[in-house]
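**Student:** Each number in the numbering used here comes from the position in the sequence shown (counting from 1) with 55 added on.
Every residue gets a Cβ at the ideal spot worked out from N, C-alpha and C, and that includes glycine.
All values reported here derive from a predicted model rather than from experimental measurement.
Sending over a structure as structure tokens; questions will come in a sec.
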Amino acid sequence: MYVRRLGLAAVIVMWTLLAQAEAPSPPLSGQAELVLPGAVPVVPVPPVPSAAPVTSAAPVTSAAVTSASIATLPGEAATSTAAALLSATDVTPPALVLLPIPTPPPTPARPTRFEAPAHDLAGAAARTIAGRVARFRSYRAEVPGASWRLDEAALFRIRADARCKRALREARVPAHVVEREFLTPVPSPVALEGPVAGVTFYSLHTDRQVEMACELAVRLPALAAILKRHGVRAVDVLSSYREAPRTSFHTFGLALDLAAFHTRRGLLVVAEHFEPTPDKLTCAAQPSTEQGKVLLAIACDLAASGLVSSVLTPNYNAGHRDHFHLDIRPDDPRVFLR
């Protein structure tokens, strides 16, 4: 009775599988099709040879997983076998040496003294920013191949609203005050109106201006001077102020994403011309193209300037594959590059 029930169950399972098949598979060479009355023809799939067990005496390396070792397997079987071997042994391509995650400088304590008074609009924003940043996860501390340094030139405090706007006028930055209400704390928000020290910052979004905090806008002439040394006349801004994600310095108006650079010799597009080097420190790389060399020089010069706290290139992660991210961080002398 048990055998009869098992046989009936096997038939039910087989008919269920046949009914769910989306399309018939072509027969393998030298094998006959298995066809049941009224059923869609199905080909039995040969078993995939299992990988030899991995032992400490004979570890599997990338050299052991080659096209020759799986070429004798049928198409999908070869693919799945190679994937299983690579996954099971955590193989690293021999040409790629992953860099270690460096130990970052100590995180500064949450500030207790502020330059702008609490009743000032910028002072209120500065205090809210300090509270939020203290709870941020330090993603920069988790990145292999990053470069850190302490630079007193990068240390600043958010100024009172009137004082920063006066500095903005003295720096001759063409900008106007943004009066609309922001959903996140932005100290003294402004929007650009024209070229800054000979460099135009174009927004890639037709529905928004290049908006930022006054503290970042004041630094634009010095940033523009670095860009002009590399022949840059204009920059395509992918993002400046935005409301999300919450853990981004964009939400404070203290960050810029630069996607492309217009030069006398042509357009430099980060997504196309920057050459990622996961196996090398960013500024130790040697790009193979002239465009790649110029983009790398721009990134490294910006990081060395002390004008910004972070320079993230496509080396940082996939989310930065198409732009350079720059940000400034109040009360923090650390400078990060990757």
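Flag this pair as touching only if the segment 193 to 211 and the segment 226 to 233 have three or more C-beta atom pairs under 8 Å; answer yes or no.
**Tutor:** no
**Student:** Tell me whether the beta-carbon of F169 lies closer than 8 Å to the beta-carbon of R182.
**Tutor:** yes
**Student:** CB E266 to CB G308, shorter than 8 Å?
**Tutor:** A contact, by the Cβ cut-off of 8 Å.
**Student:** Can you tell me which of V198, D175, P160 and Q264 puts its alpha carbon nearest to the alpha carbon of A373?
**Tutor:** V198
**Student:** Keeping to the same chain, check which residues put their C-beta closer than 7 Å to that of H380; ignore five residues upstream and five downstream.
**Tutor:** A310, D312, S365 and L367
**Student:** Which term fits Y371, buried or exposed, when burial requires 16 or more other beta carbons within 10 angstroms of its beta carbon?
**Tutor:** buried
**Student:** Locate the alpha helix (DSSP H) running through D312, then write down its first and last residues.
**Tutor:** Premise fails: D312 lies in the beta strand (DSSP E), A310 to T318, not in any alpha helix (DSSP H).
**Student:** Considering only the alpha carbon of each residue, which of P229, R393, S243 and P163 lies closest to A358?
**Tutor:** Measuring from the Cα of A358, the nearest candidate turns out to be R393.
**Student:** For the segment 193 to 264, list the alpha helix (DSSP H) runs that are entirely contained and at least 4 residues long, ordered along the chain.
**Tutor:** The segment 193 to 264 contains these whole alpha helix (DSSP H) runs: 216 to 225.
**Student:** By a C-beta neighbour count over all protein chains shown, 10 Å radius and 16 as the cutoff for buried, is E270 buried or exposed?
**Tutor:** Residue environment analysis places E270 among the buried positions, since at least 16 neighbouring C-beta atoms fall within 10 angstroms of its C-beta.
**Student:** Within 10 Å of its beta-carbon, does P244 have 16 or more other beta-carbons around it, so buried, or fewer, so exposed?
**Tutor:** Buried, because 16 or more other Cβ atoms sit within 10 Å of the Cβ of P244.
**Student:** Out of A326, A189, A272 and P157, state which residue places its alpha-carbon closest to the alpha-carbon of D382.
**Tutor:** A272
**Student:** Give the range of the beta strand (DSSP E) segment to which H380 is assigned.
**Tutor:** F379 to D382
**Student:** Mind checking S122: buried by the 16 CB within 10 Å criterion, or exposed?
**Tutor:** Unreliable placement is indicated for S122, whose pLDDT of 34 sits below 50; the coordinate value is still reported in the next sentence. The residue is exposed, with fewer than 16 neighbouring Cβ atoms inside 10 Å.
**Student:** Decide yes or no for the touch test of the segment 326 to 335 against the segment 253 to 265: beta carbon pairs closer than 8 Å, at least 3 of them.
**Tutor:** no
**Student:** Can you give the Cα-Cα distance for R195 and R218, rounded to whole angstroms?
**Tutor:** Straight-line measurement puts the Cα of R218 at about 32 Å from the Cα of R195.
**Student:** For a test of the three-state rule: what should DSSP assign to V366, helix, strand or coil?
**Tutor:** V366: strand per DSSP, three-state reduction.
**Student:** With distances taken Cα to Cα, identify the nearest neighbour of R389 among H375, L154 and A164.
**Tutor:** A164
**Student:** What residue range is occupied by the uninterrupted alpha helix (DSSP H) comprising G177?
**Tutor:** Reading off the sequence, residue 177 comes out as Ala, not Gly. Looking at the DSSP string, the run of the alpha helix (DSSP H) that includes A177 is L176 to V188.
**Student:** Can you tell me the Cα-Cα spacing of R192 and H378, whole angstroms?
**Tutor:** 22 Å
**Student:** Mind checking which residues open and close the alpha helix (DSSP H) that includes T334?
**Tutor:** The sequence shown places Asp at residue 334, not Thr. No alpha helix (DSSP H) contains D334, which DSSP labels as neither H nor E.
**Student:** According to DSSP, is F304 part of a helix, a strand, or is it coil?
**Tutor:** helix
**Student:** Which of helix, strand or coil does DSSP assign to D291?
**Tutor:** The answer is strand: DSSP assigns D291 an E or B state.
**Student:** Check for me: the alpha helix (DSSP H) holding E270 runs from which residue to which?
**Tutor:** C269 to A272
**Student:** Looking at the secondary structure, which residues open and close the beta strand (DSSP E) in which R389 lies?
**Tutor:** Its beta strand (DSSP E) spans residues R389 to L392.
**Student:** Express the C-alpha separation of P240 and R376 in angstroms, rounding to a whole number.
**Tutor:** So the two alpha carbons sit approximately 28 Å from each other.
**Student:** Looking only at C-alpha atoms, which of F237, W203 and H305 sits nearest to T337?
**Tutor:** W203
**Student:** According to DSSP, simplified to helix, strand and coil, what is R374?
**Tutor:** A small fix is needed here, since residue 374 is Gly in this sequence, not Arg. DSSP, reduced to helix, strand and coil, places G374 within a helical segment of the structure shown.
**Student:** What does a CB cutoff of less than 8 Å around A352 pick up in its chain, not counting 5 residues either side in sequence?
**Tutor:** H285
**Student:** Hey, P282 and A314: beta-carbon distance below 8 Å or not?
**Tutor:** Note that residue 282 is Leu in the sequence shown, not Pro. Their beta carbons are not under 8 Å apart, which means L282 does not touch A314 by this criterion.
**Student:** Do Q341 and L323 come within 8 Å of each other at the CB atom, strictly closer than that value?
**Tutor:** No. Outside cutoff.
**Student:** Opposite E266 in the DSSP bridges: which residues?
**Tutor:** E266 has A246 as its beta-bridge partners, per DSSP.
**Student:** Taking the C-alpha atoms as reference points, what is the distance between V146 and L153?
**Tutor:** Confidence at V146 is low in this model, with a pLDDT of 44, below 50, so the placement of that residue should be treated as unreliable; the coordinate-derived value is given next. Rounded to whole angstroms, V146 to L153 spans 12 Å at the Cα level.
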